[in-house]
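Taking it in order: structure first as structure tokens, then the write-up.
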Amino acid sequence: RYNLFYSAFKHMESKIQSIYEELTRTRTSANGPVLHGTAYLSLEDSEEPYLDGVKYHAMPPAKTFRDMDHLSGGEKTVAALALLFAIHSYQPSPFFVLDEVDAALDNANVMRVASYVKRHASENFQFVVISLKNTFYERAQALVGIYRDRDVNSSKVLTLKLDGEYEN
Amino acid sequence: RYNLFYSAFKHMESKIQSIYEELTRTRTSANGPVLHGTAYLSLEDSEEPYLDGVKYHAMPPAKTFRDMDHLSGGEKTVAALALLFAIHSYQPSPFFVLDEVDAALDNANVMRVASYVKRHASENFQFVVISLKNTFYERAQALVGIYRDRDVNSSKVLTLKLDGEYEN
Amino acid sequence: GRLVKLELENFKSYKGHQVIGPFYNFSCIIGPNGAGKSNLMDAISFVLGVKSSQLRSSHLKDLIYRGGAINNSIDGLGGNDTENDASGPKRAWVMAEYHTSEGQVLKFMRIITINGASEYRFNGKVTTYEKYNKELEKQNILVKAKNFLVFQGDVEAIASQSPKDLTRLIEQVS
Amino acid sequence: GRLVKLELENFKSYKGHQVIGPFYNFSCIIGPNGAGKSNLMDAISFVLGVKSSQLRSSHLKDLIYRGGAINNSIDGLGGNDTENDASGPKRAWVMAEYHTSEGQVLKFMRIITINGASEYRFNGKVTTYEKYNKELEKQNILVKAKNFLVFQGDVEAIASQSPKDLTRLIEQVS
Ligand SMILES: Nc1ncnc2c1ncn2[C@@H]1O[C@H](COP(=O)(O)OP(=O)(O)OP(=O)(O)O)[C@@H](O)[C@H]1O
Ligand SMILES: Nc1ncnc2c1ncn2[C@@H]1O[C@H](COP(=O)(O)OP(=O)(O)OP(=O)(O)O)[C@@H](O)[C@H]1O
Ligand SMILES: [Mg+2]
Ligand SMILES: [Mg+2]
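Chains as they are written, first to last, in the UniProt record's numbering: chain A, 1073 to 1240; chain B, 1073 to 1240; chain C, 2 to 175; chain D, 2 to 175.
Put into structure tokens, the structure is as follows:
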């Protein structure tokens, strides 16, 4: 049990930084440097890891080292997604369902998250994402449009493949 | 004490429907009828109102009568704002501060809420609203732009009156 | 493997029989507030065996489509009691078609009735919840950990969960 | 009456002395994630006397600007320990200028120091919290009810609050 836990922890620890980096990479000006955030996992009590707990730290680019609680709404969302994807890298479930995870994100962060999803979506890592923001859904392969048909008092569905095919 | 409570309740009860109507008015098609939602307050135990409680009900347009818990994220947000404005109508605080209340709203609802704020903002009913959505903030009288100055590691502010004047 | 399509009947706001899909590697669900987007996520969670309390419903029977009186208030007109059918459907079901990376087609189905009983079918055959869940685990779908389902409004809390909770989550996937 | 401008010094992410405003009848605060928008709402709440636990801080001293080591990781380069000043400011304050409908100018000010003590000033004169709050209540600013402050992420819960909570809110404003 301890070995299983420990190998999972070690794996996620090795992945979290590169994932958070990819989600926070920002170019401050046209020719400026590309900044990125820093994230890591630490064991509160490294003798018996599952006694005390795993602590998660994430610092957005050019920010001070602070407690996770002081992060803003949007900064917390990005840190949370990085953690989810790091956990997934160890135990890859075949698909993700995300319901308006972009609600607190500004346009720049919506684009970074949507590009990350577009880059990593594959046969074995499928994304089903609910979003209200066109900056997010315009990058999808296909749209599932839900509308309410007032006449029959029911939800109805239309599917649209974004390279043009239309299926219903 | 009972009289004070009762007159507050009666006042809000009389206002909640017209406020919710204004926030949910939808024209279903170009020449179609204008639908709107229904909202009301009820006393769970009308003998002793502050023993049990005031129950709030809100039904979006063309939806069935259901428990408030079954409303969607966006539907709950609109219902919540109607309640807040109804309470305000009885005891008008001079200003409101709203932090990203439009996060769960689709574009149509953002426009309805922003138009409501624009219509009701006045010398004695001031709104300070934090928003990431241009559909909301483009209707404001003035913008307070916050940015992070990396050189001095601090938040900085710019103010812009939307009819063109620029102040710093 | 991946989720290819969903079929549902009288599940939440989806009246009658509807087929949804196909789902691609990156599909986005869009639509106005109250259209039924989160209900579709509830349908996916439901067919995987997630409890009704996580699906914004206190009883399983709340997941069955209910018509009821519609609020048709129109400017100038009052009243709204139309189609007050108490005689709604008595059961609801969701079926998920899943294709493994080897090309096998798996069908997971869950049915509920108005008295709250749940029935699970794997590839058309009735089975127990344990066996059903075992088939999901073979595809690496660990419903207990739920680390691949993020419900509306829950994302921020994931970053600020306590070390104890984070440890439990890692334990469930290890 | 209305809120006309805010002045603050070393409050949360606002370093040094800054003046914010004027505020109009409908002002919108905009800016990227992490810029300091919610911190500005915290400044308004703080000057009205709201407790620090509602301002995402466990101690009052967390509200004082802290520089600290900046994370300047740049692609290709490591390291990030610059400007590690432990010698940050020892106090912070916020002042709100309020104009009544009769044209009077009122100034509400709250100061905190690193040891967590709070000082209240009304129109420049030090006063007790009770008197300070009385002056706010004269302007119909009922901080106990807080029905005019909606913090980030809290709006949906207002619609589904329990009848008991709603009753208490109505009592506080009546
Ligand atoms: N059993 C049921 N039968 C019929 N309608 C239902 C049932 N359960 C929920 N609903 C309806 O479904 C609607 C909510 O749908 P849902 O939460 O999926 O919306 P959404 O598209 O996610 O909206 P948002 O963008 O606001 O989050 C509610 O209006 C509710 O009345
Ligand atoms: N005492 C302090 N000193 C310096 N910086 C602070 C202090 N307290 C909080 N911060 C910083 O302020 C930032 C958060 O600001 P805030 O929550 O206002 O952002 P926001 O503009 O509301 O963003 P979002 O759009 O994501 O909600 C954090 O990055 C945090 O590190
Ligand atoms: Mg939803
Ligand atoms: Mg914020």
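Just so it is clear, CB atoms sit at the ideal spot from N, CA and C, and this is done for glycine as well.
Check, Outcome
"Based on Cα-Cα distance, which residue from A:Asp1139, A:Gln1213, A:Val1150, A:Ala1193 lies nearest to Val1182 (chain A)?", "A:Val1150"
"Among B:Val1200, B:Gly1146, B:Glu1116, which residue has its Cα nearest to the Cα of Pro1166 (chain B)?", "B:Val1200"
"Is the beta carbon of Asn40 (chain D) closer than 9 angstroms to that of Asp14 (chain D)?", "Note on residue identity: the sequence assigns Ser, not Asp, to residue 14 (chain D). Yes, the Cβ-Cβ distance between Ser14 (chain D) and Asn40 (chain D) is below 9 angstroms."
"Beta carbon of Gly37 (chain C), beta carbon of Gly68 (chain C): below 9 angstroms?", "no"
"Check the Cβ of Glu1093 (chain A) against every Cβ in chain B and list those closer than 8 angstroms, keeping chain order.", "Within 8 angstroms Cβ-Cβ: nothing; Glu1093 (chain A) doesn't reach chain B, min ~18 angstroms."
"Against Ile45 (chain D), what residues of chain B qualify as contacts under a CB-to-CB distance less than 8 angstroms, listed in chain order?", "Val1169, Val1200"
"Look up Ile1159 (chain A) in the DSSP assignment and say whether it is helix, strand or coil.", "helix"
"Whose CA, out of B:Asp1174, B:Ser1114, B:Asp1223, lies closest to the CA of Val151 (chain D)?", "B:Asp1174"
"Using three-state DSSP, classify Gln140 (chain C) as helix, strand or coil.", "coil"
"Would you mind reading off the limits of the beta strand (DSSP E) that contains Val1173 (chain A)?", "Unbroken run through Val1173 (chain A): none, as it is neither H nor E."
"Show which residues of chain A have a CB atom less than 9 angstroms away from the CB atom of Gln153 (chain D).", "Ser1144, Gly1145, Ala1176"
"Chain B beta carbons: is any one of them nearer than 9 angstroms to that of Lys132 (chain D)?", "no"
"Check the Cβ of Phe1208 (chain B) against every Cβ in chain D and list those closer than 8 angstroms, keeping chain order.", "Cys29"
"Quick one: give me the first and last residue of the beta strand (DSSP E) that Asn148 (chain C) is part of.", "Run containing Asn148 (chain C): none; DSSP gives neither H nor E here."
"Determine, for Val1150 (chain B), whether the minimum Cβ-Cβ distance to residues of chain E falls below 9 angstroms.", "Checking the listed chains, one finds no chain E in this structure; the protein chains it contains are A, B, C and D."
"Using DSSP's beta-bridge definition, name the partner residues of Thr1110 (chain A).", "A:Met1131"
"Among A:Gly1125, A:Ala1134, A:Leu1234, A:His1083, which residue has its Cα nearest to the Cα of Asn1206 (chain A)?", "A:Leu1234"
"In the DSSP assignment, what residue or residues form a beta bridge with Phe1098 (chain A)?", "Before going on, a small fix: residue 1098 (chain A) reads as Thr here, not Phe. DSSP, once it has assigned bridges, lists A:Leu1107 as partnering Thr1098 (chain A)."
"If you measure from the beta carbon of Gly1109 (chain A) to each beta carbon in chain D, is any gap under 9 angstroms?", "yes"
"Going by DSSP, what residue range makes up the alpha helix (DSSP H) through Phe47 (chain D)?", "38-48"
"So which residues on chain B does Ser102 (chain D) lean against when the C-beta distance must stay under 9 angstroms?", "Pro1166, Glu1195, Asn1196"
"For Val1224 (chain B) and chain A, any beta-carbon pair shorter than 9 angstroms?", "no"
"Should Ile45 (chain C) be counted as a contact of ligand 3 given a C-beta to heavy atom distance under 8 angstroms?", "no"
"Anything in the region 136-148 of chain D with a Cβ closer than 9 angstroms to a Cβ of chain B? List those residues in chain order, please.", "Gln140, Asn141, Ile142, Leu143, Ala146, Asn148"
"With H, G and I counted as helix, E and B as strand and the rest as coil, what does DSSP make of Phe1081 (chain B)?", "helix"
"Is it buried or exposed for Thr129 (chain D), if we count other Cβ within 10 angstroms and need 16 for buried?", "exposed"
"Report the CB separation of Tyr66 (chain D) from Asn11 (chain D) in whole angstroms; it is logged as a contact under 8 angstroms.", "4 angstroms"
"My assumption, with CB atoms under 8 angstroms, is that Tyr1209 (chain B) sits in contact with Cys29 (chain D). Please give the rounded CB distance.", "4 angstroms"
"Quick check: the Cα distance between Asn134 (chain C) and Leu49 (chain C), rounded to an integer number of angstroms?", "8 angstroms"
"Taking CB distances under 9 angstroms as the criterion, tell me whether Arg67 (chain D) reaches chain A.", "yes"
"State the DSSP-derived secondary structure class of Ser28 (chain C), mapped to helix, strand or coil.", "strand"
"With hydrogens ignored, establish whether the beta-carbon of Ser1227 (chain A) is closer than 8 angstroms to any heavy atom of ligand 4.", "no"
"Can you pull the chain C residues whose beta carbon is under 7 angstroms from the beta carbon of Ala1214 (chain A), in chain order?", "Tyr25, Ser28"
"Distance, Cα to Cα, Phe47 (chain C) vs Val95 (chain C)?", "8 angstroms"
"Kindly examine ligand 5 and report whether one of its heavy atoms sits closer than 8 angstroms to the Cβ of Ile171 (chain C).", "Ligand 5 is not part of the structure shown, which contains ligand 1, ligand 2, ligand 3 and ligand 4 as its ligands."
"For Ser1144 (chain A), verify whether its CB is less than 8 angstroms away from any heavy atom of ligand 4.", "yes"
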